[in-house]
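Trainee: Those letters in the sequence shown? Residues 1 to 311, by the UniProt record's numbering. Don't be surprised by glycine CBs; every beta carbon is placed ideally from N, CA and C. After the structure tokens below, expect a handful of questions from me.
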Amino acid sequence: MSLLAPKLAIISPCFNEEVIIQESAKKLLAVLDDLIQKSKIHPDSFIYFVNDGSTDKTWDLIEKLHVQDSRVKGLRLSRNFGQEHAVIAGLLSVRERADCFITINSDLQDDLSVMEKFIDGFSQGYEVIYGVKKNPRKDSWYKRYGTALFNTMIKFLGVSNDSDFRLASRKAVDALVEFGEANIFLSGMFSLLGFKTTTMPYLIHERTGGQSKYSFKMLLELAWDGITSFSIIPLRIITLIGFVVMMGAMTVMALTMVDILANSLASWLLAAVLFVGGLQIIGLGVVGEYIGKIYKETKARPRFIKDVELW
Numbered sequence: 001m002s003l004l005a006p007k008l009a010i011i012s013p014c015f016n017e018e019v020i021i022q023e024s025a026k027k028l029l030a031v032l033d034d035l036i037q038k039s040k041i042h043p044d045s046f047i048y049f050v051n052d053g054s055t056d057k058t059w060d061l062i063e064k065l066h067v068q069d070s071r072v073k074g075l076r077l078s079r080n081f082g083q084e085h086a087v088i089a090g091l092l093s094v095r096e097r098a099d100c101f102i103t104i105n106s107d108l109q110d111d112l113s114v115m116e117k118f119i120d121g122f123s124q125g126y127e128v129i130y131g132v133k134k135n136p137r138k139d140s141w142y143k144r145y146g147t148a149l150f151n152t153m154i155k156f157l158g159v160s161n162d163s164d165f166r167l168a169s170r171k172a173v174d175a176l177v178e179f180g181e182a183n184i185f186l187s188g189m190f191s192l193l194g195f196k197t198t199t200m201p202y203l204i205h206e207r208t209g210g211q212s213k214y215s216f217k218m219l220l221e222l223a224w225d226g227i228t229s230f231s232i233i234p235l236r237i238i239t240l241i242g243f244v245v246m247m248g249a250m251t252v253m254a255l256t257m258v259d260i261l262a263n264s265l266a267s268w269l270l271a272a273v274l275f276v277g278g279l280q281i282i283g284l285g286v287v288g289e290y291i292g293k294i295y296k297e298t299k300a301r302p303r304f305i306k307d308v309e310l311w
């Protein structure tokens, strides 16, 4: 295998994508053909669809595509484990079969032309290359603002939230094996590797078929998982709020002692009790979330279970 022509594996998780999976495969194969013709990747490069517990005909179509073109490979998980788990299942399943890996959602809203730049970057020695969106998706207003709020919050808390569209070298994927946690947030995991990285800006395209599987509730769950899996800042914020509330309580007590609040003492006391009680409940909820994650980690359940693999 020539170092000048690395073997590429395109890993694409899919869940109920029967409407677009064939068109996605066609476009990805065209990318492979173009890069092979330019001698930028090895002729044995391939596509690896990870079927994350689809309930429609997605897997049947992947099997059909595999028969039509052996470069289309596939993995069917035993049930739906979630997109992050599907991606890492794909990476770990083929990590010894390729030199570099590009992960991309099967809806292909990401710009396929950037893949060539990813390969160029890999040839220049970058181990991880992140795609950076230059324009927002044309989603509903609550998803747009919810995503913006999530990105702002997660960056404030010191957690990386790069695009799912990325290239990783075999060296980077091998290093992921050392991460044994059950609570997976791949953007955060890749940022912790410390290898040579760069970014590639790209434009988001409109979805050509089917519907997005991410509801607003799922986005919130992803945000919360990302924050609590890779940052203890929420715990520190609770401590800081507790200190501020304590100082405020001491101030109220001092003012009460000099009879400044004598005429409305009862209402102030009620408000203070409710406020402090609310903070305690929130604090217990956040601490409980972290305890829940510890519980999941100690059970050491598999992050994914393979059912069928097409090779």
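1. Tell me Arg76's beta-bridge partners as DSSP assigns them.
2. To the nearest angstrom, how far is the alpha carbon of Pro43 from that of Leu75?
3. Using C-beta distances below 6 Å, list every residue in its chain close to Ser54, excluding the 5 sequence neighbours before and after it, in chain order.
4. Is it the case that the stretch 61-81 contacts the stretch 17-27, given that we only count it when at least three CB pairs across the two stretches are under 8 Å?
5. Express the C-alpha separation of Ala5 and Ser39 in angstroms, rounding to a whole number.
6. Excluding the five sequence neighbours on either side, which residues of its own chain have a C-beta within less than 7 Å of the C-beta of Leu108, listed in chain order?
7. Is residue 371 helix, strand or coil by DSSP?
8. Report the rounded CA-to-CA distance for Gly90 versus Thr298, giving the unit in angstroms.
9. So, is Met189 buried or exposed, given that buried needs 16 or more other C-beta atoms within 10 angstroms?
10. Considering Ala86, what are the terminal residues of the alpha helix (DSSP H) in which it resides?
11. Would you mind working out which of Met247, Val287, Thr251 and Val87 sits nearest Ile238, comparing C-alpha positions?
12. Just confirm the distance between the C-beta atoms of Leu77 and Ile305, as a whole number of angstroms; I'd bet it's less than 8 Å.
13. Which residues share a DSSP beta bridge with Leu4?
14. DSSP beta-bridge partners for residue 315?
15. According to DSSP, is Ser70 helix, strand or coil?
16. Taking the alpha-carbon positions, what's the Thr58 to Phe49 distance?
Mentor: For this structure:
1. Within the sequence shown, the letter at position 76 stands for residue 76. According to DSSP, Arg76 bridges with Asn51 and Val308.
2. The residue you call residue 43 lines up with position 43 of the sequence shown. The residue you call residue 75 lines up with position 75 of the sequence shown. Roughly 21 Å between the two C-alpha positions.
3. As a first step, residue 54 is located in the sequence shown; it is residue number 54 there, counting from the start. Cβ neighbours of Ser54 beyond the five flanking positions: Phe15 and Asn16.
4. yes
5. In the sequence shown, counting from the first residue as 1, residue 39 sits at position 39. In the sequence shown, counting from the first residue as 1, residue 5 sits at position 5. Straight-line Cα distance between these residues: approximately 6 Å.
6. Here residue 108 refers to the residue found at position 108 when the sequence shown is read from its first residue. Cβ within range, chain order: Ser24 and Lys27.
7. Because the chain here runs from 1 to 311, residue 371 falls outside it and cannot be looked at.
8. Start at 1 with the first residue of the sequence shown, and residue 90 comes out as number 90. Start at 1 with the first residue of the sequence shown, and residue 298 comes out as number 298. Near 24 Å, if we compare the C-alpha coordinates of Thr298 and Gly90.
9. Counting from 1 along the sequence shown, the entry for residue 189 is found at position 189. With 16 or more other Cβ atoms within 10 Å, it is buried.
10. The residue labelled residue 86 in the question sits at position 86 within the sequence shown. Note, Ala86: alpha helix (DSSP H), Gln83 to Val94.
11. For the purposes of this step, residue 238 is identified with residue 238 of the sequence shown, where counting begins at 1. Comparing Cα positions, the closest option is Val287.
12. Here residue 77 corresponds to residue number 77 of the sequence shown, with the count starting at 1. Here residue 305 corresponds to residue number 305 of the sequence shown, with the count starting at 1. The pair is a contact, with the Cβ atoms about 6 Å apart (cut-off 8 Å).
13. Counting from 1 along the sequence shown, the entry for residue 4 is found at position 4. Bridge partners of Leu4: none, in fact.
14. Absent from the structure is residue 315, since the part of the chain shown begins at 1 and ends at 311.
15. Here residue 70 corresponds to residue number 70 of the sequence shown, with the count starting at 1. In this structure, Ser70 counts as coil in the three-state DSSP scheme.
16. Residue mapping note: residue 58 aligns to position 58 of the sequence shown, counting from 1. Residue mapping note: residue 49 aligns to position 49 of the sequence shown, counting from 1. So the two alpha carbons sit approximately 10 Å from each other.
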